[in-house]
């Protein structure tokens with residue numbers, strides 16, 4: 034079951050042509066797939082790693098504009114504590130590049146939202162903007178996908 038879909042993300046080719054892609058994130062197993070929206074072909078597929086002592090993926094993932102970095106949360110739901118971690122995975126290297134301890138952050142305290150002034154993305158191909166930002170995935174029923182991580 035797909036828990037979230039990252040909206041169309043535009044990337045350019047060497048000849049200044051562009052194509053739209055969608056990132057599909059499944060929180061139940063930490064898989065994320067990049068799909069060409071024109072023909073449905075799978076471009077890349079990854080299984081996001083969990084750090085030791087973490088056993089559950091968070092409900093959303095966020096992908097950098099170039100598709101190299103994926104940020105997501107990891108949760109330890111076995112200890113009874115609210116042990117959480119922000120993880121940044123490098124798809125080119127195939128390794129976790131950054132982790133940040135979120136222990137004690139309550140459920141719902143982390144949210145993905147559109148950065149102020151960020152343009153809405155369409156599925157129509159267009160040239161990428163140098164200021165293109167990340168696009169977030171949300172679980173079903175979670176509302177409008179948004180783009181910035183806030184810690185309350």
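Residue numbers (the numbering used here): 34 to 185.
Backbone N, C-alpha and C define an ideal beta-carbon position, used for all residues, glycine too.
For residue 87, there is no enclosing beta strand (DSSP E), since its DSSP letter is neither H nor E. Short of 7 angstroms from the beta carbon of residue 76, and not among the five residues preceding or following it, lie these beta carbons of its own chain, in chain order: 54, 67, 68, 69. Within a 10 Å sphere around the beta-carbon of residue 127 sit fewer than 16 other beta-carbons, which makes this residue exposed. Non-local beta-carbon contacts of residue 138 in its own chain, meaning distances under 6 angstroms to residues more than five positions away in sequence, involve 117 in chain order. Judged by DSSP in its simplified three-state form, residue 125 adopts coil rather than helix or strand. According to the DSSP secondary-structure assignment, residue 119 is paired through a beta bridge with 106, 133. Taking a contact as a CB-CB distance under 8 angstroms, the pair residue 108 and residue 120 does not count as one, their CB atoms being some 11 angstroms apart.
Taking the Cα positions, residue 112 is about 11 angstroms away from residue 88.
Restricting attention to 131, 94, 123, 115, the CA atom closest to the CA of residue 56 is found in 94. One thing to note: residue 80 has its Cβ within 8 angstroms of the Cβ of residue 63. Take the alpha-carbon of residue 136 and the one of residue 125: they are about 28 angstroms apart.
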